[in-house]
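Engineer: Let me begin by handing over the structure; questions about it come next.
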Amino acid sequence: GQQVMQIPQYQHVQEGEDFTTYCNSSTTLSNIQWYKQRPGGHPVFLIQLVKSGEVKKQKRLTFQFGEAKKNSSLHITATQTTDVGTYFCAGPTFGGTSYGKLTFGQGTILTVHP
Amino acid sequence: GAVVSQHPSWVICKSGTSVKIECRSLDFQATTMFWYRQFPKQSLMLMATSNEGSKATYEQGVEKDKFLINHASLTLSTLTVTSAHPEDSSFYICSATDRTYGYTFGSGTRLTVV
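Residue numbers (the numbering used here), protein chains in the order written: chain E, 10 to 123; chain F, 377 to 490.
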């Protein structure tokens, strides 16, 4: 079945440093989604990338979707303590239903030291 | 935006008892609902996919007789953990989908079985 690998598992940064997490799928994805989960919270949708080579920005966050639509990255510029949490990528698998089930990467736990 | 209400937020139950978790889409009709389980510092693992009026589709390794899913309407799905044991202690999260809002997650239920 589809596998979504995400690295690194943990990232500790000093406030102001940059942060990147990488996601790689075993199969070509129709789209890839990114979520943020704060400690004790639930996943919150950040963005969806659909097109090959797509790059989207949300303030200090930059999301990329690879040309082959099998990998993606999330880059945060000048991290802040509010960026703390676990970042997940997720790709859908379609099995005949209108919406595919999401396969999540393992997540990257980001801690930011002030 | 879309809101998915999940109750209860946390529950403690005795070993051998059953616990029901509700997931409601408040302002949209969910085409499909998904149930996930998440252990500490781990990713979300899909347990089952449910469509209104039909039987849930369970992922490999998930016991359908232990995790009963009922999707009675387009706005309500329930997960019942039957004869709960300490190893069932986990964070259970539902997700509802529709064409407008995509995937929206509930706030999760933290189950502790003692």
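For each residue, glycine too, the CB sits at the ideal point set by N, CA and C.
Every value quoted in this text rests on a predicted model; they were computed, and no experiment measured them.
Smallest Cα separation from serine 483 of chain F: which of F:His383, F:Pro416 and F:Ala378?
Structural biologist: Of the listed residues, the one whose Cα sits closest to serine 483 of chain F is F:His383.
Engineer: For a test of the three-state rule: what should DSSP assign to glutamate 76 of chain E, helix, strand or coil?
Structural biologist: Looking at glutamate 76 of chain E - three-state DSSP - the assignment turns out to be coil, as it is neither helix nor strand.
Engineer: What does histidine 21 of chain E reach in chain F if we use C-beta pairs closer than 9 Å?
Structural biologist: Correct list: empty, because the minimum Cβ distance to chain F is about 14 Å.
Engineer: So, at 8 Å on beta carbons, what are the nonlocal neighbours of histidine 122 of chain E in its own chain, with the 5 sequence-adjacent residues on each side left out?
Structural biologist: Counting only Cβ-Cβ distances below 8 Å, and skipping sequence neighbours, we find His21, Val22, Gln23 and Glu24.
Engineer: Within its chain, find whatever has a CB closer than 7 Å to the CB of leucine 58 of chain E; leave out the 5 residues flanking it on each side and keep chain order.
Structural biologist: For leucine 58 of chain E, where only same-chain residues beyond five positions count, the Cβ hits under 7 Å are Asn40, Ile41, Lys65, Phe72, Phe74 and Ser81.
Engineer: For tryptophan 386 of chain F and threonine 488 of chain F, I'd like the C-alpha separation in whole angstroms.
Structural biologist: Between tryptophan 386 of chain F and threonine 488 of chain F, the C-alpha separation is close to 8 Å.
Engineer: So with CB distances below 9 Å, who are the chain F contacts of glutamine 115 of chain E?
Structural biologist: The answer, in chain order, is Gln418 and Ser419.
Engineer: Candidates F:Ala378, F:Val395, F:Gly392 and F:Phe467: which alpha carbon is nearest methionine 423 of chain F's?
Structural biologist: With distances taken between Cα atoms, methionine 423 of chain F lies closest to F:Phe467.
Engineer: Start and end of the beta strand (DSSP E) containing glycine 478 of chain F?
Structural biologist: Glycine 478 of chain F -> beta strand (DSSP E) spans 478 to 481.
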